[in-house]
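Take 1 as the starting number for the sequence shown in UniProt numbering and just add one per residue. The structure appears right after this line, and notes come after that.
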Amino acid sequence: MKSDIGDSRPRPRWKQWLIQTLDLTSQSREDLMEDLQRANEKNLLPGETVGMLQGVLEFGALQVRDIMVPRSQINFIYHEDDFSKILQRIAATEHSRYPVVDEDRDDLVGILLAKDLLKYIGREAEFKIDDIIRPALIIPESQRLSRLLTEFRNSRNHMAVVIDEYSGISGLVTFEDVLEQIVGEIDDEHDDEEDETTQVVAQDDGRFIVEATTPIDEFNDIVGTNFDTDEFDTIAGIVINKLGKIPRQGDELVLEGWLFRVLRSDNRRILSLEVLPHTESSSLAATPAL
Numbered sequence: 001m002k003s004d005i006g007d008s009r010p011r012p013r014w015k016q017w018l019i020q021t022l023d024l025t026s027q028s029r030e031d032l033m034e035d036l037q038r039a040n041e042k043n044l045l046p047g048e049t050v051g052m053l054q055g056v057l058e059f060g061a062l063q064v065r066d067i068m069v070p071r072s073q074i075n076f077i078y079h080e081d082d083f084s085k086i087l088q089r090i091a092a093t094e095h096s097r098y099p100v101v102d103e104d105r106d107d108l109v110g111i112l113l114a115k116d117l118l119k120y121i122g123r124e125a126e127f128k129i130d131d132i133i134r135p136a137l138i139i140p141e142s143q144r145l146s147r148l149l150t151e152f153r154n155s156r157n158h159m160a161v162v163i164d165e166y167s168g169i170s171g172l173v174t175f176e177d178v179l180e181q182i183v184g185e186i187d188d189e190h191d192d193e194e195d196e197t198t199q200v201v202a203q204d205d206g207r208f209i210v211e212a213t214t215p216i217d218e219f220n221d222i223v224g225t226n227f228d229t230d231e232f233d234t235i236a237g238i239v240i241n242k243l244g245k246i247p248r249q250g251d252e253l254v255l256e257g258w259l260f261r262v263l264r265s266d267n268r269r270i271l272s273l274e275v276l277p278h279t280e281s282s283s284l285a286a287t288p289a290l
């Protein structure tokens with residue numbers, strides 16, 4: 001490695017600023033976050049770089065429960081499903097990996113990769129799901145993301161099934177979910193198509209699953225509410241303003257007779273919400289499985 005001694009080339013502005021400004025032996029993580037924000041405001045570092053550095057600083061404090069997809073939003077494959085039914089489910093949801101369970105959703109069998117079905121096209125009679133099920137990586141809700149990232153790299157798995165203290169399935173998390181905490185949201189080939197679909201999905205039991213970026217006027221039209229659109233543009237704006245913070249998964253808020261429950265969030269934003277009519281018991285009730 002070449003030493004800086006005797007190197008006449010000037011240091012980049014951002015490197016010189018870091019050397020002069022940051023005292024890593026005395027500053028807290030919060031102070032570092034503020035320094036990085038000042039670097040961004042002075043254009044010493046690109047905005048994307050600042051975002052990633054801030055993501056790294058927050059990364060070490062996050063647990064799996066902070067970013068996992070909750071059980072209510074998991075698309076399961078059932079062990080007894082036949083080839084045709086599995087294909088229909090994959091065509092409808094367009095994921096690459098699925099947890100496989102028995103009739104009881106807490107009885108995990110393994111993971112099914114959609115690509116493993118290709119060899120049975122035209123040979124459906126030969127299909128045996130046990131021949132292609134792969135072992136599942138199982139982790140607790142409390143596991144740190146830094147440790148999970150290491151497990152993903154060592155095991156070459158891209159999905160982990162999350163269990164609660166009673167060994168029941170409480171969610172799942174992917175390699176992409178973990179990386180997004182550092183680099184920001186990663187769009188895939190289906191994201192543009194998903195953006196064209198409704199952001200408010202009604203459930204059979206009267207609940208609504210709502211993307212946090214849903215415009216307030218669209219939410220009002222679908223749900224039948226009358227939230228003001230003058231101050232905020234999206235549902236996330238209303239919820240964050242009323243709570244006075246970036247909500248975490250599981251946080252709840254009652255507004256105009258509706259209970260808003262955060263389904264997914266990260267350290268920078270809300271991702272999705274569950275909205276249901278508020279009753280005395282609704283804020284204490286567990287989220288029903290879909």
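Every residue, glycine too, gets a C-beta built ideally from N, C-alpha and C.
From the DSSP output, in three-state form, read off residue i for me.
| i | result |
| --- | --- |
| A202 | strand |
| A160 | strand |
| A285 | In this predicted model, A285 has a pLDDT of only 47, less than 50, meaning its place in the structure is not dependable enough to derive any value. |
| T174 | strand |
| R153 | helix |
| I133 | coil |
| S26 | Confidence at S26 is low in this model, with a pLDDT of 42, below 50, so its placement is unreliable and the value that follows should be read with caution. Correct three-state label for S26: coil. |
So, are the CB atoms of residue i and residue j less than 9 Å apart?
| i | j | result |
| --- | --- | --- |
| E274 | F208 | yes |
| Y78 | E103 | yes |
| R65 | S170 | yes |
| K242 | L255 | yes |
| V173 | V69 | yes |
| L112 | I133 | yes |
| I139 | I121 | no |
| P99 | A136 | yes |
| D106 | G168 | yes |
| Q249 | R264 | yes |
| residue 367 | E180 | In the structure as shown, the chain begins at 1 and stops at 290. Residue 367 is therefore absent and cannot be evaluated. |
| V101 | F76 | yes |
| F175 | N157 | yes |
| A114 | I129 | no |
With a threshold of 7 Å on Cβ separation, who are the neighbours of residue i within its own chain once the five nearest residues in sequence on each side are excluded?
| i | result |
| --- | --- |
| D233 | P215 and I216 |
| G237 | none |
| V210 | Q199, V200, F219, I235, S272, L273 and V275 |
| L253 | V239, K242, L243 and F260 |
| V109 | H79, V100, V101, D102 and I133 |
| E194 | In this predicted model, E194 has a pLDDT of only 45, less than 50, meaning its place in the structure is not dependable enough to derive any value. |
| G206 | L276 and P277 |
To which residues does DSSP link residue i through a beta bridge?
| i | result |
| --- | --- |
| Q63 | R144 |
| E274 | I209 and R261 |
So, at 6 Å on beta carbons, what are the nonlocal neighbours of residue i in its own chain, with the 5 sequence-adjacent residues on each side left out?
| i | result |
| --- | --- |
| T213 | T234 |
| L149 | V178 |
| R142 | The question names Arg, yet the displayed sequence has Ser at residue 142. Same-chain partners within the cutoff: Q63. |
| D251 | V262 |
| T279 | none |
| D82 | none |
| A160 | L137, I139 and V173 |
| F152 | F175 |
If you drop the 5 nearest sequence neighbours on each side, which residues of the same chain put their C-beta closer than 8 Å to that of residue i?
| i | result |
| --- | --- |
| W258 | V223, T225, V275, L276, P277 and H278 |
| residue 293 | Residue 293 is absent from the model: the chain starts at 1 and stops at 290. |
| L87 | L117 |
| E231 | G237 and N241 |
| P247 | V239, I240, L253, V262, S265 and I270 |
Distance cutoff 9 Å, beta carbons only. Does residue i sit that close to anything in chain D?
| i | result |
| --- | --- |
| T150 | Of the chains in the structure shown, none is chain D; there is only one protein chain. |
Write down every uninterrupted run of the beta strand (DSSP E) in the UniProt domain "CBS" (68-127) whose length is 3 residues or greater and which is fully enclosed by it, in chain order.
97-101 and 108-113
Counting only runs that start and end within the segment 211-269, where is the alpha helix (DSSP H) found for 4 or more residues in a row?
216-223 and 235-243
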